[in-house]
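Worksheet for the structure shown next.
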Amino acid sequence: MPRLGLGTWPLDDHAAADVVERAVGLGYRLVDTAHNYGNERGVGAGLRAAGVPREELFVTTKFNKRSHSVRGVRRAAVESMRRMGLDYLDLLLVHWPNPWRDRYVDAWRGLVELQRSGEVRAIGVSNFKPAHLDRLLAETGAVPEVNQIQLDPRLGRATARAYHARHGIVTESWSPLGAGSDLLDEPVIARIAAERGRTPAQIVLRWHLDLGCVVVPKSASSRRLAENIAVFDFALDAGELAAIGGLDRGPGGEAAALDSDTFGH
Ligand SMILES: NC(=O)c1ccc[n+]([C@@H]2O[C@H](COP(=O)([O-])OP(=O)(O)OC[C@H]3O[C@@H](n4cnc5c(N)ncnc54)[C@H](OP(=O)(O)O)[C@@H]3O)[C@@H](O)[C@H]2O)c1
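Final position of the sequence shown in my numbering is 329; the numbers increase by one with none missing.
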């Protein structure tokens with residue numbers, strides 16, 4: 065799995081086709097979409113226009129709560145592949161657990177079955193808390209390969225990351241740049257950026273990578289797309305990581321994040 069990819073929310077089909085083609089041209093190989101984003105057709109068109117062999121690409125999509133059943137997951141995968149014009153998916157995720165419906169274990173069973181059929185290479189979840197993961201493990205014995213969660217320096221998610229590390233689950237950070245908030249203006253990030261001759265976004269993306277996370281920043285600008293992927297020729301040192309880690313608001317700060325126990329109710 066590439067360590068850094070392109071986020072595509074909230075691009076529509078038209079914008080996604082254009083941005084995905086440009087991003088692949090700049091070297092992006094992982095593209096993150098979802099049925100809910102309504103842009104899978106555009107993502108597929110952009111991938112075809114980029115003209116890179118399919119095996120070099122890593123395409124992730126997600127299905128929503130309406131597909132939380134063994135048959136529903138298969139149908140959702142087939143429909144996503146049809147919209148994107150692909151004959152397999154690299155990674156398919158349960159988008160949200162929606163635990164009040166009590167169906168996410170069925171969704172997970174559906175993914176495990178689908179992976180056996182070969183149409184989906186890797187399977188995982190998104191926005192699952194440790195308690196939700198505990199249930200998957202206890203009831204199916206199958207461990208998700210990835211959990212894509214909201215994560216940035218202010219929302220460090222230490223408990224989730226430690227759980228993932230214990231179980232061999234890849235942590236993938238969504239809204240890694242803080243989704244247009246003032247995260248990139250934090251003085252400590254600006255200071256390290258100035259000292260390193262990098263941009264604040266590059267420092268934040270490097271922080272994710274140095275923590276061992278996969279990141280999917282979104283940008284529609286060619287300049288920022290190029291900036292965001294130019295982070296593989298340096299690493300932060302322990303002091304810099306600790307200084308950025310000081311922005312973490314801890315479990316209390318998680319109240320500001322979307323709560324997967326209630327989101328989508
Ligand atoms: N699993 C889930 O439930 C879930 C939820 C939300 C998001 N996601 C995924 O995560 C992806 C990323 O999250 P996100 O889009 O919410 O937030 P993000 O990637 O943290 O931030 C995107 C924002 O930052 C700006 N930006 C990008 N690069 C920049 C740079 N180098 N300097 C300054 N600003 C920059 C973008 O503007 P420009 O476009 O103008 O550059 C955009 O406004 C999504 O696209 C989606 O694929 C998943």
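Cβ coordinates follow ideal geometry from the N, Cα and C atoms, glycine included.
Which two residues bound the contiguous alpha helix (DSSP H) that contains residue i?
i: residue 305; result: 302-309
i: residue 77; result: 77-90
i: residue 204; result: 194-204
i: residue 325; result: Where residue 325 is concerned, there is no enclosing alpha helix (DSSP H), given that its DSSP letter is neither H nor E.
i: residue 158; result: Looking at the DSSP string, residue 158 is not in any alpha helix (DSSP H); the run it does join, the beta strand (DSSP E), is 153-158.
i: residue 280; result: From DSSP, residue 280 is part of no alpha helix (DSSP H); its letter is neither H nor E.
i: residue 252; result: 251-260
i: residue 107; result: 104-114
What number of angstroms, rounded off, separates the C-alpha of residue i from the C-alpha of residue j?
i: residue 119; j: residue 316; result: 42 Å
i: residue 96; j: residue 218; result: 23 Å
i: residue 125; j: residue 188; result: 10 Å
i: residue 321; j: residue 298; result: 30 Å
i: residue 107; j: residue 232; result: 29 Å
Consult DSSP for residue i and reduce its assignment to one of helix, strand or coil.
i: residue 209; result: coil
i: residue 233; result: coil
i: residue 238; result: strand
i: residue 124; result: strand
i: residue 185; result: strand
i: residue 244; result: coil
i: residue 268; result: helix
i: residue 95; result: strand
i: residue 314; result: helix
i: residue 70; result: strand
i: residue 133; result: coil
i: residue 219; result: strand
For residue i, which residues from the same chain have a beta carbon less than 8 Å from its beta carbon, with the 5 sequence-adjacent residues on both sides left out?
i: residue 300; result: 256, 267, 270, 271, 274 and 308
i: residue 200; result: 168, 169, 172, 189, 192, 206, 207 and 208
Which same chain residues, not among the five before or five after residue i, have their C-beta less than 7 Å away from its C-beta?
i: residue 161; result: 168, 191, 192, 196 and 324
i: residue 328; result: 129, 160 and 162
i: residue 264; result: 248, 253, 254 and 257
i: residue 109; result: 81
Among residues of its own chain, excluding the 5 on either side of residue i, which ones have a beta-carbon nearer than 6 Å to its beta-carbon?
i: residue 105; result: 77 and 147
i: residue 290; result: 90
i: residue 295; result: 266, 269 and 270
i: residue 236; result: 210, 212 and 278
Within the 8 Å Cβ cut-off, does residue i reach chain B?
i: residue 249; result: Going by chain labels, chain B is absent from the structure shown, which holds only one protein chain.
### Query
Are the region 121-136 and the region 157-177 touching by the rule of at least three beta carbon pairs closer than 8 Å?
By the Cβ criterion, the region 121-136 is in contact with the region 157-177, since at least three pairs of Cβ atoms, one from each stretch, lie closer than 8 Å.
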